[in-house]
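Engineer: As numbered in UniProt numbering, the sequence shown has no gaps in its residue numbers, which increase by one up to the final residue, 99.
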Amino acid sequence: MPVKYDNDDLILRLYLQPKASRDQIVGIHGEELKIAITAPPVDGKANAHLIKYFSKLFKVAKGKITVEKGELNRHKQVRIHSPEIIPEAIKQLLPSKKY
1 MPVKYDNDDL
11 ILRLYLQPKA
21 SRDQIVGIHG
31 EELKIAITAP
41 PVDGKANAHL
51 IKYFSKLFKV
61 AKGKITVEKG
71 ELNRHKQVRI
81 HSPEIIPEAI
91 KQLLPSKKY
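1. For I87, which residues from the same chain have a beta carbon less than 8 Å from its beta carbon, with the 5 sequence-adjacent residues on both sides left out?
2. Look at the Cβ atom of H49, then the Cβ atom of I37, and state whether they are nearer than 8 Å.
3. Quick check on the burial criterion: 16 or more other C-beta atoms within 10 angstroms. Buried or exposed for V42?
4. From K19 to K4, what does the alpha carbon distance come to, in whole angstroms?
5. Tell me the residue span of the alpha helix (DSSP H) that contains L16.
6. Can you tell me which residues form a DSSP beta bridge with I80?
7. Can you give the Cα-Cα distance for L33 and K76, rounded to whole angstroms?
8. Please report the straight-line C-alpha distance between D23 and D6, rounded to a whole angstrom.
9. Measure from the alpha carbon of L72 to the alpha carbon of each residue in L10, I51 and G44, then state which is nearest.
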């Protein structure tokens, strides 16, 4: 399951595609959620851009988003602390409760 809750936090297992033409949620990629971002995978730019993108998407401060696993990898686990909103593409992947 690429998306799950841990109390009020949202845990996302991601496959990141850097240097894409635009930022977007692509869909399921194996057991992960594929996210395309425009930033290159150089000097942490992709992670910083991912956090900025999720900050806008989930309406939370950047400090509430943590890359828990995969700091230097395309495969990541990200925690979003108490998201204000859940985008429709993510809602569809959640277990039936809690949104």
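Using N, Cα and C, we set each Cβ at its ideal position, and we do this for glycine too.
Structural biologist: In brief:
1. By 1-based counting over the sequence shown, the position of residue 87 is 87. Residue 87 is actually Pro in this sequence, not Ile. Cβ within range, chain order: I25, L57 and F58.
2. Reading the sequence shown from its first residue, position 49 is the one you call residue 49. Reading the sequence shown from its first residue, position 37 is the one you call residue 37. For H49 and I37, yes; Cβs fall inside 8 Å.
3. Looking up residue 42 in the sequence shown gives position 42. Classification for V42: exposed.
4. Along the sequence shown, one-based indexing puts residue 19 at 19. Along the sequence shown, one-based indexing puts residue 4 at 4. Cα to Cα, the separation comes out at about 27 Å.
5. Along the sequence shown, read from residue 1 onward, the residue named residue 16 stands at position 16. Run containing L16: none in the alpha helix (DSSP H); it sits in the beta strand (DSSP E), D9 to Q17.
6. Here residue 80 refers to the residue found at position 80 when the sequence shown is read from its first residue. As a beta-bridge residue in DSSP terms, I80 pairs with L10 and I65.
7. As a first step, residue 33 must be located in the sequence shown, where it is residue number 33. As a first step, residue 76 must be located in the sequence shown, where it is residue number 76. Approximately 10 Å, taken between the alpha carbons.
8. Reading the sequence shown from its first residue, position 23 is the one you call residue 23. Reading the sequence shown from its first residue, position 6 is the one you call residue 6. The alpha-carbon atoms of D23 and D6 are separated by roughly 26 Å.
9. Position 72 of the sequence shown holds residue 72. Of the listed residues, the one whose Cα sits closest to L72 is G44.
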